[in-house]
Amino acid sequence: MENIGALAILLAFCLGIYSVAASLVGAWKKKPFLIASGERAVIAVWALIMVATGILVYALVTSDFRFAYVASHSNRDMPWYYKVSSWWGGQEGSLLLWNFLLSWYGLVVVLQNRRKHRPMMPYVVATLMATQVFFLTLNAFPASPFQMLAQGRNIVEVPDGNGLNPLLQYWTMLIHPPILYLGYVGFVVPFAFALGSLITRQPGDQWIFTTRRWAIVTWFFQSTGILLGAGWSYAVLGWGGYWVWDPVENVSFLPWLTSTAFLHSVMMQEKKGMMKVWNMVLVAATFFLCIFGTFMTRSGIVASVHAFATSNIGNYFLVFLVLGIALTIYMILGRLDYLKSEAELESVVSRESSFLFNNLILLASCFATLWGTLFPVISEAVTGEKVSVDAPWFNRINIPIALFLLFLTGVGPLLAWRRVSAEGLKRNFKWPLLGSLLMMTGLAAAGIRHPYALITFGLCLFVGWTIGQEFYKGAGAIAKKESMNLMSGMVELTHRNTRRYGGYLVHMGIVIMFIGFAGAAFNRDTTVEVEQGRSFQLGRYDLKVTGVNSGQTDNYVWQNATIEASVEGKPYATLHPERRIYSQSQQPVGAVSIHRRLNEDLYINFAAISSEAQKPIIQAYIFPLVSWIWIGYWVLLIGSVVCLIPSKVKMSYARTEVVGMAGKHEKVAK
Amino acid sequence: MKKWRNSFALLMMAGLCLAQTGDLVPPEVRRVGDRLACLCGSCKNTVATCQMLGCHYTAPARAKITAMHKAGADDEAIVADFVKREGKKALAAPPAEGFGIMAWLAPPFMALAGAGLIAWFIRRHRKPAPELNEGDVAKYQQAAERELSRFDE
Numbered sequence: 009m010e011n012i013g014a015l016a017i018l019l020a021f022c023l024g025i026y027s028v029a030a031s032l033v034g035a036w037k038k039k040p041f042l043i044a045s046g047e048r049a050v051i052a053v054w055a056l057i058m059v060a061t062g063i064l065v066y067a068l069v070t071s072d073f074r075f076a077y078v079a080s081h082s083n084r085d086m087p088w089y090y091k092v093s094s095w096w097g098g099q100e101g102s103l104l105l106w107n108f109l110l111s112w113y114g115l116v117v118v119l120q121n122r123r124k125h126r127p128m129m130p131y132v133v134a135t136l137m138a139t140q141v142f143f144l145t146l147n148a149f150p151a152s153p154f155q156m157l158a159q160g161r162n163i164v165e166v167p168d169g170n171g172l173n174p175l176l177q178y179w180t181m182l183i184h185p186p187i188l189y190l191g192y193v194g195f196v197v198p199f200a201f202a203l204g205s206l207i208t209r210q211p212g213d214q215w216i217f218t219t220r221r222w223a224i225v226t227w228f229f230q231s232t233g234i235l236l237g238a239g240w241s242y243a244v245l246g247w248g249g250y251w252v253w254d255p256v257e258n259v260s261f262l263p264w265l266t267s268t269a270f271l272h273s274v275m276m277q278e279k280k281g282m283m284k285v286w287n288m289v290l291v292a293a294t295f296f297l298c299i300f301g302t303f304m305t306r307s308g309i310v311a312s313v314h315a316f317a318t319s320n321i322g323n324y325f326l327v328f329l330v331l332g333i334a335l336t337i338y339m340i341l342g343r344l345d346y347l348k349s350e351a352e353l354e355s356v357v358s359r360e361s362s363f364l365f366n367n368l369i370l371l372a373s374c375f376a377t378l379w380g381t382l383f384p385v386i387s388e389a390v391t392g393e394k395v396s397v398d399a400p401w402f403n404r405i406n407i408p409i410a411l412f413l414l415f416l417t418g419v420g421p422l423l424a425w426r427r428v429s430a431e432g433l434k435r436n437f438k439w440p441l442l443g444s445l446l447m448m449t450g451l452a453a454a455g456i457r458h459p460y461a462l463i464t465f466g467l468c469l470f471v472g473w474t475i476g477q478e479f480y481k482g483a484g485a486i487a488k489k490e491s492m493n494l495m496s497g498m499v500e501l502t503h504r505n506t507r508r509y510g511g512y513l514v515h516m517g518i519v520i521m522f523i524g525f526a527g528a529a530f531n532r533d534t535t536v537e538v539e540q541g542r543s544f545q546l547g548r549y550d551l552k553v554t555g556v557n558s559g560q561t562d563n564y565v566w567q568n569a570t571i572e573a574s575v576e577g578k579p580y581a582t583l584h585p586e587r588r589i590y591s592q593s594q595q596p597v598g599a600v601s602i603h604r605r606l607n608e609d610l611y612i613n614f615a616a617i618s619s620e621a622q623k624p625i626i627q628a629y630i631f632p633l634v635s636w637i638w639i640g641y642w643v644l645l646i647g648s649v650v651c652l653i654p655s656k657v658k659m660s661y662a663r664t665e666v667v668g669m670a671g672k673h674e675k676v677a678k
Numbered sequence: 745m746k747k748w749r750n751s752f753a754l755l756m757m758a759g760l761c762l763a764q765t766g767d768l769v770p771p772e773v774r775r776v777g778d779r780l781a782c783l784c785g786s787c788k789n790t791v792a793t794c795q796m797l798g799c800h801y802t803a804p805a806r807a808k809i810t811a812m813h814k815a816g817a818d819d820e821a822i823v824a825d826f827v828k829r830e831g832k833k834a835l836a837a838p839p840a841e842g843f844g845i846m847a848w849l850a851p852p853f854m855a856l857a858g859a860g861l862i863a864w865f866i867r868r869h870r871k872p873a874p875e876l877n878e879g880d881v882a883k884y885q886q887a888a889e890r891e892l893s894r895f896d897e
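Chains A and B are the protein sequences, given in the same order.
Read in the working numbering, the first sequence has 378 at position 370, and its numbers run on one by one without any break.
Read in the working numbering, the second sequence has 801 at position 57, and its numbers run on one by one without any break.
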């Protein structure tokens, strides 16, 4: 069976190379049968990777400990679903997951475009398959998941495996890596289309439409993956941190920032035919940042709590990155005439300018995050001395950038295309601005002194108000015209232009998340050693330890504490934080207990039992507003889905030629 | 076999518990600890925010901060002592001196460079639309009204 798996990977590798060659030669020599053959090779690669994946997963589920990978990352007593998730628990398996997802994307692209985008499809296929070949190289040679345990020349089987890292035995870890990878891997599709359009000098907008749609899908997966990771970190690590600016977290954030920038600036290309070079750069940057992120996590170049063991595959990534970036730069520079802007900018205060600033801010954040992540390495190379760049640096640099971005989120959508009059600015922003200033004053008067939190709350109201205003105005007009209620008007409005109003919903999700982030300024915690039957205080909560129990499952032994929380003498909640020691790894892991509410989470970690007095040591935390982060995500999800639904009214973005501008604006308005 | 293994795990748990004591963080330690990185290698927190009980770096670091405070050392002196012993990596953020200043200057510099690029782009691509005369305005207004009336039908 193991031979079939390894053979399937090798065959897929060979067919991948064939697909690249057949597509390129077919396009060059104009041989349709070669192009078709290249596309069919994509399907064959998909089938072979399915076979290889099936064999690995089967070996994991059946605990076939002849496989070195199975023995290293699973054990007999793990539940079957964690055995399946061991697939991406180690280096070789997670690279196979890359291949698995990439082959699915390849298959979907080929099947979807049997009649569309024919001139550029050979190049799209070649780009997809070149990336696939790179990852298959890793799985076929330096990181094969089908290596067997051997003694001399005999394959041997160990009685039990080492088990999966206990921190990964949590439900979000079942879906976090595949979803994040769907986002990472998926961006190869927009990149392939962008490159294909560049090579073939595609006229028209159809390819932009396809690229943008794929970019929304992959952006959505990236957002979901990042948020799932944050949720895992919050619920598993025992201290409630959902984002610590760890290098691996940072490199997952970088492509998200550039793809967000792309999703905004691509509108300039669709509507005005502008920023074509920039959009190419953003698509390419996002794709290469995805690869760079994978390189960072696997090369061991920076120390991270999430990184895989250091290995030599980092060099493979480096070669791929250098070649890929060089080729892309060459292609862009060689086709600058094709990427020439079709329109001019009429006014500095306009929607167009807001996109420019939005891109500037997103890219500034991307650069700052990349710089902070790499600075320890750069500093050591230059000065020979190690430095640490931890959360305080990232927060000091990125919080002001994020707040400015939040401000633009409110301003940008209300600016008109081409130009905005002073009257228009006043009409749109007067009340939201006054409202937010009033709220900030009120909060300051109520005793909130944290400047960033105050500004965040003010901006959240400002942006929320402007978005609400847009919905209200549009829905009100439709409701009046169509004689329907306001809610139906909103649905109708959204359906008429799903992209615009879906985008507003995504913005609203981000606003809601920012409310949650601001809550971190008011976190409180205490660590106490407390006897059974005694209580301690944290904020308004009286927390009483009423019992400590222990027991065992097949996979781990556990100890849990029962803690009764009361507020002003009234029972509030019962929490059961737990400590576990996993039988195979002997690693102690906490399972925190969280009482989630909109205003704050009460979060309890059973940290240990004290050595001297044998008393439970409890870490208790209050995390205000943290639930808003997860609620914000759901709003973002709904917004993303709405963006993907076709609009009821087809928008045609005519590349309008500006014939002139009225000298007196009022005259036209009459 | 499994019974023996689990019993061993229970013993291990007891052993680990015995090896740990509570780390209560005095408020004054948080202030200094916020400037110092936890160098345990398992987290990216500061000495103030590391929540690992019995962390082999943070626990003694906190004890040292407390002791130095009691001995009358101010925040700067404590931080300087950590840097002297551990090097600059003891700081949670690079110092704003020497090459470390690059950490602080590069992001705003790049943002300014980006703003400059936008200014250049706007200057290069800005082309205010020409003024329309009365006749043109009337023509477009008529066209708009014609379109709108068709829409009403």
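Even glycine gets a Cβ: it sits at the ideal position worked out from N, Cα and C.
A quick note: this is a predicted structure, and the numbers were derived from the prediction, not measured.
One question on the structure: do residue i and residue j come within less than 8 Å of each other, judged by their Cβ atoms?
{"i": "methionine 521/A", "j": "isoleucine 405/A", "result": "no"}
{"i": "glutamine 140/A", "j": "glycine 114/A", "result": "yes"}
{"i": "alanine 569/A", "j": "phenylalanine 631/A", "result": "no"}
{"i": "phenylalanine 261/A", "j": "valine 291/A", "result": "no"}
{"i": "alanine 483/A", "j": "methionine 498/A", "result": "yes"}
{"i": "proline 852/B", "j": "valine 395/A", "result": "no"}
{"i": "alanine 351/A", "j": "methionine 288/A", "result": "no"}
{"i": "proline 40/A", "j": "tryptophan 96/A", "result": "no"}
{"i": "alanine 399/A", "j": "tryptophan 253/A", "result": "yes"}
{"i": "proline 421/A", "j": "tyrosine 512/A", "result": "yes"}
{"i": "serine 648/A", "j": "valine 514/A", "result": "yes"}
{"i": "isoleucine 369/A", "j": "leucine 416/A", "result": "yes"}
Mark residue i as exposed unless 16 or more other C-beta atoms lie within 10 angstroms of its C-beta, in which case mark it buried.
{"i": "alanine 684/A", "result": "Absent from the model: residue 684/A. The displayed extent of chain A is 9 to 678, so no value can be given."}
{"i": "alanine 528/A", "result": "buried"}
{"i": "histidine 800/B", "result": "exposed"}
{"i": "threonine 710/A", "result": "With chain A covering only 9 through 678, there is no way to say anything about residue 710/A."}
{"i": "valine 330/A", "result": "exposed"}
{"i": "proline 579/A", "result": "exposed"}
{"i": "glutamine 567/A", "result": "buried"}
{"i": "glycine 246/A", "result": "buried"}
{"i": "leucine 835/B", "result": "buried"}
{"i": "aspartate 818/B", "result": "exposed"}
{"i": "phenylalanine 295/A", "result": "buried"}
{"i": "asparagine 367/A", "result": "buried"}
{"i": "glutamine 214/A", "result": "exposed"}
{"i": "alanine 855/B", "result": "buried"}
Taking Cβ-Cβ distances shorter than 9 Å, what residues in chain B pair up with residue i?
{"i": "serine 387/A", "result": "Lys832, Pro838, Phe843, Gly844, Met846, Ala847"}
{"i": "phenylalanine 375/A", "result": "Ala850, Pro851, Met854, Ala855, Gly858"}
{"i": "valine 310/A", "result": "The contacting residues do not exist; valine 310/A stays about 11 Å from chain B at best."}
{"i": "aspartate 254/A", "result": "Cys787, Lys788"}
Just the chain A side, please: which residues come within less than 8 Å of residue i by C-beta, in chain order?
{"i": "leucine 835/B", "result": "Val395, Ser396"}
{"i": "isoleucine 822/B", "result": "Chain A residues near isoleucine 822/B: none, gap ~16 Å exceeds 8 Å."}
{"i": "alanine 781/B", "result": "Ser396, Asp398"}
Anything in chain A within Cβ reach of residue i, meaning under 9 Å, just list it in chain order.
{"i": "phenylalanine 826/B", "result": "The contacting residues do not exist; phenylalanine 826/B stays about 11 Å from chain A at best."}
{"i": "arginine 870/B", "result": "Glu352, Leu353, Glu354, Ser355, Val356"}
Residues of chain B with CB closer than 7 Å to the CB of residue i, please, in chain order.
{"i": "isoleucine 405/A", "result": "Pro851"}
{"i": "valine 390/A", "result": "Phe843"}
For a cutoff of 8 Å on Cβ pairs, would you count residue i as touching chain E?
{"i": "serine 361/A", "result": "Judged by its chain identifiers, the structure shown contains no chain E, and its protein chains are A and B."}
- Query: What are the complete alpha helix (DSSP H) segments, minimum 4 residues, inside the segment 412-480 of chain A?
  - Reply: Runs found: 430-453.
- Note down, in chain order, all residues in the segment 234-252 of chain A with a beta-carbon under 9 Å from any beta-carbon belonging to chain B. Result list: Leu245, Gly246, Trp247, Gly248, Gly249, Val252.
- Task: Using a Cβ-Cβ cut-off of less than 9 Å, list which residues of the segment 792-820 of chain B approach chain A; keep chain order.
- Result: Listed in sequence order: Thr793, Cys794, Gln795, Met796, Leu797, Gly798.
- Query: Between the segment 53-71 of chain A and chain B, which residues of the former have a C-beta closer than 8 Å to a C-beta of the latter?
  - Reply: Within the segment 53-71 of chain A, no residue has its Cβ closer than 8 Å to any Cβ of chain B.
- Query: Going along the chain, which residues of the segment 437-448 of chain A sit with their C-beta nearer than 7 Å to a C-beta in chain B?
  - Reply: Here the close residues number zero.
- Taking only beta carbons into account, state which residues of the segment 323-351 of chain A come closer than 7 Å to chain B, listed in chain order. Residues Ser349.
- Task: Please list the residues of the segment 590-621 of chain A that have a C-beta atom closer than 9 Å to any C-beta atom in chain B, keeping them in chain order.
- Result: From the segment 590-621 of chain A, only Tyr590, Ser591, Gln592, Gln594, Pro596, Asn613, Ala615, Ala616, Ile617, Ser618, Ser619, Glu620 have a Cβ closer than 9 Å to chain B.
- In chain order, which alpha helix (DSSP H) runs of at least 4 residues are fully inside the segment 313-400 of chain A? With a minimum length of 4 residues, the continuous alpha helix (DSSP H) runs that stay inside the segment 313-400 of chain A are 322-342, 359-391.
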